[in-house]
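Asks: In this note's numbering, the protein residues as written are 0 to 693.
Where is the CB? At the ideal position from N, CA and C, for every residue including glycine.
Starting off with a structure, shown below.
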DNA sequence: AACTTGTCAATTTTT
DNA sequence: TTGACAAGTT
C-alpha cells in the first residue's frame with residue numbers, strides 16, 4: 000500500500016533489506032517485529048508468493064489472521080501477485096480455521112460410524128454466551144448479583160488456558176469462585192445445545208490433537224509453511240494451536256513465521272497476551288528475529304511523537320520507528336476550555352481541510368471511548384459534514400435481525416434451546432417466561448431439547464392447555480419449515496428460504512403490531528429486508544454454501560457488509576481500537592486527558608469483577624495512544640479539554656500524561672481559552688456597531 | 001403478559 | 001446524563 004510494485008511477478012522488488020530478509024527466510028521459526036507502517040502485510044504476501052515461486056504448493060501454506068477483513072485483503076493482494084493460485088492457499092482467521100478443522104474431524108468420525116456428533120452445530124457469539132449464563136444464573140444463587148460479562152471473561156480465560164473445572168481451585172475471589180461454578184454448567188449446556196462458542200473453535204482442535212495422535216499427525220503434515228499476522232494479539236490457546244500445527248516431527252525445523260508488533264498489543268482484555276510475542280524466541284526453538292522499523296507511512300514529527308510516547312513502556316522488544324519522509328508540520332496540541340470548544344475546534348479544523356480541497360476520506364477523528372463521539376456527531380451533522388462511524392452496534396446485533404437468525408438457527412439445529420427461547424414468543428404466542436420455564440423443566444426431565452419436548456406434549460404430560468396448543472402449533476411451524484428446507488433443490492438460494500421463514504413466522508406483522516412509532520416499525524422492517532437482500536447477494540456469490548454454511552459464516556464474520564462506495568466521501572470517526580490497521584493523512588485525537596486516555600479503569604489497581612491484568616493496564620493505554628498517533632500520515636492534532644461533563648457532572652480535567660511525553664519542539668500549542676469563540680466575536684461586533692452608530 | 005417505575009453503573013469489542 | 005434491567009403494577 001505504501002510503495003507500489005513495478006513488477007508484480009517479482010517477490011522482492013521494491014522491498015527494503017529487512018523486508019527482503021524476512022521474505023527470503025528459509026526454514027525455522029522467525030519473528031518479524033513489524034513496527035507500525037513498516038509494510039508487514041507486504042512481507043507476508045510477498046513471502047507467500049516467494050514460497051510458491053520456489054515450488055511450494057499453495058495448499059501447503061497456511062496464513063492466519065485475526066480478522067476476516069485482514070484475510071480478505073491479504074488474499075486479494077495475493078491474487079494480484081500470483082493470480083488464481085491464491086485461492087489454494089489456506090488463508091483464514093483463527094476461528095474460521097478452527098471451524099474448518101472441527102467440521103473436517105466431525106465428518107470423518109461420521110464416516111467411521113461414530114455418529115454421536117453431527118457435522119452441523121451452532122456457533123455461539125457473545126450474546127448467546129451471555130444468554131446461556133443468565134439461564135444458569137437462575138438456577139444458582141450467590142450473595143450478591145453477579146455481572147455475567149465478568150463471569151464470561153473468566154470462563155473464557157479458563158478455556159483458553161485449557162483448564163477444566165477439575166483443574167481449578169477456589170481462590171476466595173468471589174468472581175473467580177462463581178465463574179468456576181458457572182463454568183461446569185456452561186460446558187454441559189453448550190454440549191446439550193450442540194454448540195461451540197468462539198473460544199471452542201480454537202481450543203477444541205487443540206484438545207482433539209492432544210487426545211488423538213492420528214489427528215495430530217494428519218494436521219501437522221498438512222502445512223509446510225505457516226504464517227501468522229498480528230501475532231501480538233494471540234492468546235494462549237491460539238499459540239498452542241500454532242505450536243501443534245507447526246511441530247511436524249518429519250521436518251527438522253518448525254516453519255513458522257509470525258509477524259506482529261508488541262507495541263500495538265491492545266487487546267489484552269480479550270485474552271491476548273503480549274508475552275507471547277515477547278517470548279517467541281523461547282517458545283519456538285532457534286527462532287530468528289527481524290525488526291522492521293523503517294516507516295513508510297508517517298511524517299517525521301509524527302513518528303518522533305509516537306516513539307517518545309512508547310519509549311516509556313518497560314516490557315517490550317524495544318524499537319524505534321525510522322522516518323522515510325520529511326519532518327512534516329508540527330503536531331498541534333490543542334487546549335480547550337471545555338468539551339464544546341474542543342468539538343468546535345475539531346470541526347473547524349476538518350472544515351479547513353475540506354475547504355482546501357482535501358478528500359473527506361483522508362480525515363479521521365479518533366477517541367478512546369464511544370461516548371466522546373456523541374457531541375462530535377451532533378456538531379458534524381449541524382455542519383453538514385458526513386461521517387462514517389466505525390464500530391458501534393453492528394447490524395447483526397439488531398433485535399429484529401437476531402430474531403430472523405434465531406428462527407433459521409433453530410430450524411438448522413433444533414437442539415438450540417437458546418434460539419428457541421428467543422423466538423418462541425416472537426410474535427407473541429402466549430408463551431411467556433412462566434411457560435418457557437415449564438417447558439424447560441419438561442425438557443430437562445426428559446433429557447431432550449426444548450424443541451423435541453414440544454413434539455412430545457400431550458394432555459397427559461401438560462395440564463396447561465394454552466401451552467399445549469400454541470406449543471404444538473409452534474412445533475408444527477418449525478417442523479414444516481425444516482421439511483421445506485430439506486426438500487430444497489441443492490442450487491436454491493437460501494435467502495429465498497429465509498424469506499419464506501420470515502413470512503411464515505409472522506415476524507413482519509409482529510413488528511407493525513408492537514413498534515412504538517410508525518417510523519420505528521418502518522426502520523425495523525427495512526432492517527429485515529436489508530438482511531434478506533444482503534443474504535441473497537452473499538449466497539449468490541458463494542454458491543453451494545447452503546443455509547448452514549451461511550449461518551456459520553455470519554457467526555464468524557459479523558461485519559455489516561456495507562462495502563461503502565461512499566466511504567471516501569465521508570470523514571471517519573473511530574475508537575482507537577477500531578482504527579488499528581488503518582491510516583489517514585489527517586488525524587485528530589480528541590479527549591487526550593487523564594481518565595480518558597489513560598482510561599480511569601486502567602488506572603485502578605484491582606477490580607473484583609475483572610480478571611487480573613498482567614501488565615498493569617497503563618502500558619496498554621500507552622500502546623493505544625501509540626496506535627492512534629501512528630495512524631496519521633501527514634498531519635496530527637491532539638486535543639484535550641480543561642473541563643468536561645462526566646456522568647452528568649462537570650469535572651475539571653488534566654492533560655494526558657502521554658501528551659506530556661511528546662517533546663515540545665515538535666508541537667505547536669494552541670490555547671483556545673485565549674481565543675473568544677464565534678458567538679463572542681459576534682456579540683463584540685454587534686456592540687461595536689452599536690457604539691459606532693451612536 | 002404487557003407496562004411502569006426505580007436502581008445502579010458507567011472502556012475498548014478482531015471472532 | 002444515559003441506559004439497561006429488575007422488580008412491581010395493571
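#1: Determine the burial state of residue 6: buried for a count of at least 16 other Cβ atoms within 10 Å of its Cβ, exposed for fewer.
#2: Kindly indicate which three-state DSSP category residue 701 falls into: helix, strand or coil?
#3: Which value, in whole angstroms, describes the spacing of the CA atoms of residue 589 and residue 371?
#4: Between residue 70 and residue 92, which are expected to be in contact by the criterion C-beta below 8 Å, what is the C-beta distance as a whole number of angstroms?
#5: Which residue comes first and which comes last in the beta strand (DSSP E) that contains residue 195?
#6: Identify whether residue 144 lies in helix, strand or coil by the three-state DSSP scheme.
#7: Please give the ranges of any beta strand (DSSP E) in the segment 562-586, keeping only runs that are unbroken, at least 3 residues long and fully inside the region.
#8: Decide if residue 460 is buried, meaning its Cβ has at least 16 other Cβ atoms within 10 Å, or exposed.
#9: Give the secondary structure of residue 91 by DSSP, where H, G and I count as helix, E and B as strand, and everything else as coil.
#10: Between the alpha carbons of residue 247 and residue 216, how many angstroms are there, rounded?
#11: Do residue 373 and residue 595 come within 8 Å of each other at the CB atom, strictly closer than that value?
#12: With DSSP collapsed to three states, give me the class of residue 13.
#13: Does DSSP put residue 4 in a helix, a strand or coil?
#14: Using the C-alpha atoms, what's the distance from residue 456 back to residue 573?
#15: Compute the distance between the beta-carbons of residue 582 and residue 630, then report whether it is under 8 Å.
#16: Short of 6 Å in beta carbon distance, which residues of its chain neighbour residue 587, apart from the five on each side in sequence? Order them along the chain.
#17: On a CA-only basis, which of 102, 96, 128, 38 is nearest residue 260? Give me that one, please.
#18: Would a C-beta distance cut-off of 8 Å place residue 90 and residue 62 closer than the cut-off?
#19: Just confirm the distance between the C-beta atoms of residue 406 and residue 471, as a whole number of angstroms; I'd bet it's less than 8 Å.
#20: Can you say whether residue 0 is buried or exposed, counting buried as having 16 or more other CB atoms within 10 angstroms of its CB?
#21: Between residue 402 and residue 425, how many whole angstroms is the CB-CB distance? I'm expecting something under 8 Å.
#22: What span of residues does the beta strand (DSSP E) with residue 387 cover, start to end?
#23: Would the beta-carbon of residue 132 fall within 8 Å of that of residue 151?
#24: Hey, out of 521, 233, 289, 293, whose CA is closest to residue 264's CA?
#25: As a quick exercise: from 404, 329, 434, 313, pick the residue whose alpha carbon is nearest that of residue 300.
#26: Could you name the residues of the same chain whose beta carbon sits closer than 6 Å to that of residue 28, not counting the 5 residues immediately before and after it, in chain order?
#27: For the segment 184-198 against the segment 124-131, do three or more pairs of beta-carbon atoms, one drawn from each stretch, fall closer than 8 Å, so that the two count as touching?
#28: For the segment 32-74, list the alpha helix (DSSP H) runs that are entirely contained and at least 4 residues long, ordered along the chain.
#29: Do you know how far the Cα of residue 148 is from the Cα of residue 474?
#30: Spatial neighbours of residue 498 within its chain, please: CB distance less than 6 Å, with the 5 preceding and 5 following residues excluded, ordered by chain position.
#31: Please name the residue in 397, 601, 465 whose C-alpha comes closest to that of residue 522.
#32: Of the choices 533, 575, 541, whose alpha-carbon is the least far from that of residue 395?
#33: Taking only the alpha-carbon atoms, compute the straight-line gap between residue 567 and residue 168 and give it to the nearest angstrom.
#34: Using only the alpha-carbon positions, how far apart do residue 192 and residue 437 sit?
#35: What separation, rounded to the nearest whole angstrom, lies between the Cα atoms of residue 337 and residue 643?
#36: Kindly list the residues whose CB is nearer than 6 Å to the CB of residue 729, restricted to its own chain and excluding five residues on each side of it in sequence; keep chain order.
Replies: Taking the coordinates as given:
#1: For the purposes of this step, residue 6 is identified with residue 7 of the first chain, where counting begins at 1. Below a pLDDT of 50, predicted positions are generally treated as unreliable, and residue 6, at 43, falls in that range; the measurement from the model is reported next regardless. Label assigned to residue 6: exposed.
#2: This structure does not reach residue 701, given that the chain is present from 0 up to 693, and the question cannot be answered.
#3: As a first step, residue 589 must be located in the first chain, where it is residue number 590. As a first step, residue 371 must be located in the first chain, where it is residue number 372. When rounded, the distance between both Cα atoms is 8 Å.
#4: The count along the first chain starts at 1 and reaches residue 70 at position 71. The count along the first chain starts at 1 and reaches residue 92 at position 93. Yes, they are in contact, since the Cβ atoms of residue 70 and residue 92 sit about 6 Å apart, within 8 Å.
#5: What you label residue 195 is simply residue 196 of the first chain in a count that begins at 1. Where residue 195 is concerned, the enclosing beta strand (DSSP E) starts and stops at 194-196.
#6: What you label residue 144 is simply residue 145 of the first chain in a count that begins at 1. In the displayed model, residue 144 falls within coil according to three-state DSSP, outside both helix and strand.
#7: Whole beta strand (DSSP E) segments, 3+ residues: 570-574.
#8: Taking the first residue of the first chain as 1, we reach residue 460 at position 461. So residue 460 ends up on the exposed side.
#9: In the first chain, the residue the question calls residue 91 occupies position 92. Strand, per DSSP.
#10: Your numbering for residue 247 matches position 248 in the first chain. Your numbering for residue 216 matches position 217 in the first chain. Cα to Cα, residue 247 sits roughly 7 Å from residue 216.
#11: Mapped onto the first chain, residue 595 falls at position 596. Mapped onto the first chain, residue 373 falls at position 374. Between residue 595 and residue 373, the CB-CB gap reaches or exceeds 8 Å.
#12: Along the first chain, one-based indexing puts residue 13 at 14. Here DSSP, grouped into helix, strand and coil, assigns residue 13 to coil.
#13: As a position in the first chain, residue 4 is number 5, starting the count at 1. Because residue 4 sits at a pLDDT of 41, beneath the cut-off of 50, its placement in the model cannot be relied upon, and the point is left open.
#14: Here residue 573 corresponds to residue number 574 of the first chain, with the count starting at 1. Here residue 456 corresponds to residue number 457 of the first chain, with the count starting at 1. Approximately 51 Å between the Cα atoms of the pair.
#15: In the first chain, residue 582 corresponds to position 583, counting from 1. In the first chain, residue 630 corresponds to position 631, counting from 1. Against a cut-off of 8 Å, the Cβ pair of residue 630 and residue 582 comes out as a contact.
#16: By 1-based counting over the first chain, the position of residue 587 is 588. Cβ within range, chain order: 345, 364, 636.
#17: Taking the first chain and counting its residues from 1, one reaches residue 260 at position 261. Scanning 102, 96, 128, 38 for the CA closest to the CA of residue 260 turns up 38.
#18: Residue 90 sits at position 91 when you count from the first residue of the first chain. Residue 62 sits at position 63 when you count from the first residue of the first chain. A Cβ-Cβ contact shorter than 8 Å links residue 90 with residue 62.
#19: Taking the first residue of the first chain as position 1, residue 406 is located at position 407. Taking the first residue of the first chain as position 1, residue 471 is located at position 472. The Cβ separation is near 18 Å, so there is no contact.
#20: What you label residue 0 is simply residue 1 of the first chain in a count that begins at 1. Low confidence applies here, because residue 0 scores a pLDDT of 40, under 50, leaving its location unreliable; read the following figure in that light. Residue 0 comes out exposed.
#21: Start at 1 with the first residue of the first chain, and residue 402 comes out as number 403. Start at 1 with the first residue of the first chain, and residue 425 comes out as number 426. About 5 Å; that satisfies the 8 Å criterion.
#22: Numbered from its first residue, the first chain carries residue 387 at position 388. Counting along the chain, residue 387 sits inside the beta strand (DSSP E) bounded by residues 386-388.
#23: Stepping through the first chain from its first residue, residue 132 is reached at position 133. Stepping through the first chain from its first residue, residue 151 is reached at position 152. Residue 151 sits close to residue 132, with the two beta carbons spaced by under 8 Å.
#24: Counted from its first residue, the first chain places residue 264 at position 265. When 521, 233, 289, 293 are compared, the shortest CA-CA separation from residue 264 is found for 233.
#25: The residue labelled residue 300 in the question sits at position 301 within the first chain. Ranking the options by Cα distance to residue 300, first place goes to 329.
#26: As a first step, residue 28 is located in the first chain; it is residue number 29 there, counting from the start. Around residue 28, the same chain offers 253, 255, 283, 286 as residues with beta carbons nearer than 6 Å, after the five sequence neighbours per side are excluded.
#27: Cβ pair count under 8 Å is three or more, so yes.
#28: Secondary structure remark: continuous alpha helix (DSSP H) runs of at least 4 residues inside the segment 32-74, in chain order: 39-52.
#29: As a first step, residue 474 is located in the first chain; it is residue number 475 there, counting from the start. As a first step, residue 148 is located in the first chain; it is residue number 149 there, counting from the start. Rounded to the nearest whole angstrom, the CA to CA distance from residue 474 to residue 148 is 33 Å.
#30: In the first chain, residue 498 corresponds to position 499, counting from 1. Closer than 6 Å at the Cβ level, and outside the excluded window around residue 498, lie 531.
#31: The residue given as residue 522 occupies position 523 in the first chain. Closest option to residue 522, judged by alpha-carbon separation, among 397, 601, 465: 397.
#32: Taking the first residue of the first chain as 1, we reach residue 395 at position 396. Residue 395 has its Cα closest to that of 533, out of 533, 575, 541.
#33: Mapped onto the first chain, residue 567 falls at position 568. Mapped onto the first chain, residue 168 falls at position 169. For residue 567 and residue 168, the distance between alpha carbons rounds to 53 Å.
#34: Taking the first chain and counting its residues from 1, the one referred to as residue 192 is at position 193. Taking the first chain and counting its residues from 1, the one referred to as residue 437 is at position 438. Rounded to whole angstroms, residue 192 to residue 437 spans 18 Å at the Cα level.
#35: Start at 1 with the first residue of the first chain, and residue 337 comes out as number 338. Start at 1 with the first residue of the first chain, and residue 643 comes out as number 644. Distance between the alpha carbons of residue 337 and residue 643 is about 6 Å.
#36: Nothing can be reported for residue 729, as the shown portion of the chain is limited to 0 through 693.
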